[in-house]
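Position 353 of the sequence shown, counting from 1, maps to 797 under the numbering used here, and the rest follow consecutively.
A virtual CB, placed ideally from N, CA and C, is assigned to each residue, including glycine.
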Amino acid sequence: MMKKKSISASKASLVLFLCQMISALDVPLDSKLLEELLQPPTITQQSPKDYIVDPRENIVIQCEAKGKPPPSFSWTRNGTHFDIDKDAQVTMKPNSGTLVINIMNGGKAEAYEGVYQCTARNERGAAISNNIVIRPSRSPLWTKEKLEPNHVREGDSLVLHCRPPVGLPPPIIFWMDNAFQRLPQSERVSQGLNGDLYFSNVQPEDTREDYICYARFNHTQTIQQKQPISVKVFSMDSLNDTIAANLSDTDIYGAKPVTERQPILLTPTGSTSTKVELRGNVLLLECIAAGLPTPVIRWIKEGGELPVNRTFFENFKKTLKIIDVSEADSGNYKCIARNMLGSVHHVISVTVKAAPYWITAPRNLVLSPGEDGTLICRANGNPKPNISWFANGVPIAIAPEDPSRKVDGDTIIFSHVQERSSAVYQCNASNEYGYLLANAFVNVLAEPPRVLTPANKLYQVIADSPALLDCAYFGSPKPEIEWFKGVKGSILRGNEYVFHDNGTLEIPVAQKDSTGTYTCVARNELGKVQNEVRLEVKDPTMIIKQPEYKVIQRYGQVSFECIIRHDSTLLPTVIWLKDNDELPDDERFLVGKDNLTIMNVTDKDDGTYTCIVNTTLDSVSASAVLTVVAAPPTPAIIYARPNPPFDLELTGQLERSVELSWIPGDENNSPIRNFVIEYEDGLHEPGVWHYQTEVPGTQTTVQLKLSPYVNYSFRVIAVNEIGRSQPSEPSEQYLTKSANPDENPSNVQGIGSEPDNLVITWESLKGFQSNGPGLQYKVSWRQKDVDDEWTSVIVANVSKYIVSGTPTFVPYEIKVQALNDLGYAPEPSEVIGHSGEDLPMVAPGNVQVHVINSTLAKVHWDPVPLKTVRGHLQGYKVYYWKVQSLSRRSRRHVEKKILTFRGNKTFGMLPGLEPYSSYKLNVRVVNGKGEGPASPDKVFKTPEGVPSSPSFLKITNPTLDSLTLEWGSPTHPNGVLTSYILKFQPINNTHELGPLVEIRIPANESSLILKNLNYSTRYKFYFNAQTSVGSGSQITEEAVTIMDEVQPLYPRIRNVTTAAAETYANISWEYEGPDHANFYVEYGVAGSKEDWKKEIVNGSRSFFVLKGLTPGTAYKVRVGAEGLSGFRSSEDVFETGPAMASRQIDIATQGWFIGLMCAVALLILILLIVCFIRRNKGGKYPVKEKEDAHADPEIQPMKEDDGTFGEYSDAEDHKPLKKGSRTPSDRTVKKEDSDDSLVDYGEGVNGQFNEDGSFIGQYSGKKEKEPAEGNESSEAPSPVNAMNSFV
């Protein structure tokens, strides 16, 4: 039983809601009408809920409202009545509820902290503002603390704590040094969200004594500075240097001065943590790790993906940023820090809560007596918000009874309302994270009909086009509209007319006989009113003789005709274009009444010429092409385009495919590169050929994909290097079967053209895309974020549908689905559109101007409520103009300047102002429809500035000891001139300056005679004007006390010297000439024809270091000065030092060395055989006599650099053989040097023989040190090279 009652109640609510949608009135935004109608108060502007104020400035708490009659205002503070008359510091603006608390004249902002609420009341009800919490901003000083220096070992982690003072609002933290330069940050060093500076591992370059944390409090424009923090990084390099002398090379190379470590997390600590964020906010998660090498951070979401297009990584991926979070973003987020030694991770459990947000905010109701309506207040949040209702600011439970009112949860139902039912209702939706408060009035009006369209308005249209006759109306109850033609005509009905809900009469196809007077009649139970408008239907403008295609030889004459017919009451204008642009400004082009003539045609005249005819109601055009040719030559034609293919045949016909084959035509001496296949749809577009595909010239069959419900014919075009052939004859026709549409219309949009409509447009499907007969579209729409069902209509094959009677600028969900006689296309995707925009309703308030300096000002304004924008907020426009100059008191033509600030900005800078001037400005909000009303003009003045330079300085009447100076006042004084400053000094022939003399001259003087000057002396003068702000720009001049002037000495650069090292060179020079010269150094390889390389010298130094030079190379160098007509020094040549060996060549891998070793082995084998033979003959081999002899040069290794033979050395000596030990050039051997000693082929004492003379030693390269390429290296050999040299 209870269930049935609940169902009945819900049905009743639905019925009442539908009645409200049908019967509720829309009040047109007609200014005269709005002034006459009674209306309950509406809050139009109020301060933010959390209002932080500057304690140094007056507190302005905004509360603006409109209503008829104008409302009165009252305030509560901390829940009780706030009597502003008893507080001398508090005033209320006239005709406004805005409070101004005077702080600048002795008041204290702290005394006015609290919760304020404004009430606007008239005889129709009371509206209330949000609870506005006033808190003064705070920017406390840093607490004093003693900071100990941080001593850190290289590679360790470090955290420098900022711990800023707690301010309101919280400060912005950044780190800088003593020079106010931001400290560089990287993957290794970065600032955390809490402001601390984290070092994953410290390096020696981190040593400094000026790590300074700054806190910027934007609200009060103040910056607080923490005491500098000192960091000292101890490196292991010095320790290695100390012990290097006592350790072997291997020990030093193997030592690791810094210990590598796997990552650990500096923040957050532990393995898990939690985070709560509110819906719509920005979620910031942070992980900073220590480790060496520096760890890399990676983020994942467990059991899901990071949201696309809303996820950003900041601070070198240490911070995960997700914007506009929703409940779906709740979950576990894992950060993983990894380097080559391992990894560490941390899981952050994120919960997204939500402050209340609107699903359906209550809307104002305008009802007639006896009508029904509903107010709906639906909000969501996490946790679910509580809904409470107020009537005229009082809880509805204790408000005066109203028999027409019934509260049902989030809905108030009104039945049979009367005028006394008018009131303002407040809906409050709140949870632990915030609240929403909305005012919505119920205004019960009884008004007779009114027609707002001007009487006898004239409408003019072209025949066969639509005519729209307006009848804007208002009345309560809503009037019925009827149209009549003529004074005593009958009521208009029938399919030839369309009657719109807003009263507009549409004649879809107006004819000449539609001309006449039309009468609109509006009536309700309180009365009747009528209005007449006139319609004139004009004949269309036509071009009866169009310009034609012309081919003309060069230097000929050509004429294009454009003869028109038009309505006699319309005045046409004819415009000629060339290639869619204006005609060339050339006297050869003659434009007549109905033609265009071109004289003496040139190749540049080739193109498309268009005749455009415009009237106030229509426009038509026609075009023709002009081709300019030369006298045709008659060369022999060798190559030609191919002949068209023939004998086309269709085989293998299926529903969606067919095979096409053909025979190629003659290729005419140029091979066919490819075939182009085209098709004709004889069912939808007969006679129109479309591109299908193309295949290589060697292919004569192709499998073609087909679409349903298309009557195909195919043709083939052959293409060679010369061009395309004529098309082949069409193939036989093939009609494919019908099917459901495969796709839906594209580019679906919803954009209102009027404030009360929604125009849904789409790109229609092509004929072959319909897939069958009876192509139509199902257009569906519903208001977004409202629990409405979809409204759908099925329209013919058009591309537009207009939804009328929509609220102004609300979002709609839209979808368009194709269908034909066989069925529907797949379900289309939804797009979001908006109903029509209207001009913004209100102007920005609280416009304030802060003059920064004499040329720059900053303007502030409060943003207008978004609901009053009534469209896409595009930004704000600031109109400003100079009223007059304060120094000249002369007015001039006002030239308004406009600056546009995009988006929801509430401030902007006005640059380029003129000093010492008076300006005015106003601010307007802009949406897609246009600009809203302007704010009241704000007057501000710019202070004095420094003047421009004097307009001229002339020096005349030179004598032996005097000069006369004349000058003009500055073009822009920028204030009140106080004096002129003249400085002068003598100059000698070497451009050296003498003592400087300064003279102050009254501002009203314009000339001066300088006396007691030196004879035959040049003087340099510096002259400028002054205001109270300071000195302006200087103007300089030179003059001599006699007419004969000595030619000045030109500047020069001399004594260019160089000091070269291996890869760099120090260049220095001497300069004589004017000060402030900018030098550059040019250099290149000596003897090379390459361009000089140029390096700019920083400042006016007389030295420079060239880096990155090649060792052992001769260079040329010269020095020049910028701006001195290419003045340079003479060239100097220097040579860099030889390169030091940086590594050893692995000689064992060289081909020549392997070959040489093989030859040596072969020679040793031969000598052993010889020795064995001689021993068998009884001879004794004299080994001992040759132990200390030198080696035979024929078996020594060959050097790479000069092709001579090198020497083998004893393993303990490593010194090359002396020059005298080489074999003489005549290849003879000295008598005392026996040629039969094997010592010459061995390793000194390492080569050994038994008593019988047999060889028992081994040839070895043990500890052999190979020379570097072309140089003898003193470096120790590496173990690898020592092993490679072993044979």
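Cα-Cα separation between residue i and residue j, rounded to whole angstroms
i, j, result
"M465", "G817", "For M465, the predicted structure reports a pLDDT of 38, less than 50, and the residue's modelled location is therefore unreliable. The matter cannot be settled from this model."
"V1295", "T1386", "7 Å"
"F526", "W519", "5 Å"
"Q669", "V740", "32 Å"
"L1266", "N1184", "5 Å"
"D1025", "L936", "47 Å"
"L1354", "V1303", "7 Å"
"T755", "S717", "20 Å"
"P628", "R1545", "29 Å"
"I1182", "T1144", "According to the sequence shown, residue 1182 is Ser rather than Ile. Computed Cα separation, rounded: 29 Å."
"I673", "E653", "6 Å"
"Y1524", "N1432", "27 Å"
"L1330", "S1379", "25 Å"
"V497", "T1312", "25 Å"
"T763", "S630", "13 Å"
"E1695", "L1612", "Note on E1695: pLDDT 35, under 50, position unreliable in the model; the coordinate value appears next. If you take the alpha carbons of E1695 and L1612, they lie about 15 Å apart."
"S1475", "P1446", "14 Å"
"P707", "K761", "15 Å"
"V1683", "K1537", "Caution is warranted here: a pLDDT of 35 is assigned to V1683, below 50, making its placement in the model unreliable, and no coordinate value can be reported."
Range of the contiguous beta strand (DSSP E) that encloses residue i
i, result
"K676", "I673 to F678"
"A882", "G878 to V888"
"H1294", "G1289 to N1297"
"E1506", "Unbroken run through E1506: none, as it is neither H nor E."
"R1562", "A1558 to A1565"
"S787", "G786 to T804"
"M1528", "Correcting the residue identity first, residue 1528 is Gly in this sequence and not Met. Segment F1523 to V1529, the beta strand (DSSP E) holding G1528."
"Y1245", "K1244 to S1248"
"Y1360", "It is not in any beta strand (DSSP E) - Y1360 carries neither H nor E in the DSSP assignment."
"S770", "Element bounds for S770: n/a, residue is neither H nor E."
"D1796", "What is shown of the chain runs 445 to 1731, which leaves residue 1796 out entirely."
Beta bridge counterpart(s) of residue i as assigned by DSSP
i, result
"D640", "Bridge partners of D640: none, in fact."
"P839", "F834"
"M1353", "K1302"
"K994", "L1070"
"C964", "W927 and N975"
Enclosing alpha helix (DSSP H) for residue i [first to last residue]
i, result
"K1311", "L1310 to V1313"
Local Cβ density within 10 Å of residue i, reported as buried at 16 or more and exposed below that
i, result
"W1106", "buried"
"P1439", "exposed"
"F1212", "buried"
"R1368", "buried"
"R565", "buried"
"D1735", "Nothing can be reported for residue 1735: it is not among the residues displayed for the chain, which extend from 445 to 1731."
"T563", "buried"
"D1632", "With a pLDDT of 46 at D1632, under the threshold of 50, the modelled position of that residue is not reliable, and no figure is offered here."
"S866", "buried"
"C1602", "exposed"
"N875", "buried"
"L585", "exposed"
"I1258", "buried"
Unbroken stretches of the beta strand (DSSP E), 3 residues or longer, contained in the stretch 542-629: Counting only runs of 3 or more, we get 543-545, 558-566, 569-572, 576-580, 594-597, 602-604 and 616-620.
Residue ranges of each alpha helix (DSSP H) within the stretch 1106-1166, 4 or longer: As far as the stretch 1106-1166 is concerned, it has no whole alpha helix (DSSP H) run of at least 4 residues.
Entirely enclosed beta strand (DSSP E) segments - the stretch 891-959, minimum 3 residues: Complete beta strand (DSSP E) runs here, min 3: 891-895, 901-906, 911-913, 917-920, 924-929 and 949-951.
Sequence ranges, beta strand (DSSP E) only - wholly within the stretch 1035-1109, length at least 3: Taking 3 residues as the shortest admissible run, the stretch 1035-1109 contains the following complete beta strand (DSSP E) segments, listed from N- to C-terminal end: 1039-1042, 1051-1058, 1063-1073, 1090-1095 and 1101-1107.
Entirely enclosed alpha helix (DSSP H) segments - the stretch 1411-1480, minimum 4 residues: Taking 4 residues as the minimum length, the stretch 1411-1480 contains no alpha helix (DSSP H) run wholly inside it.
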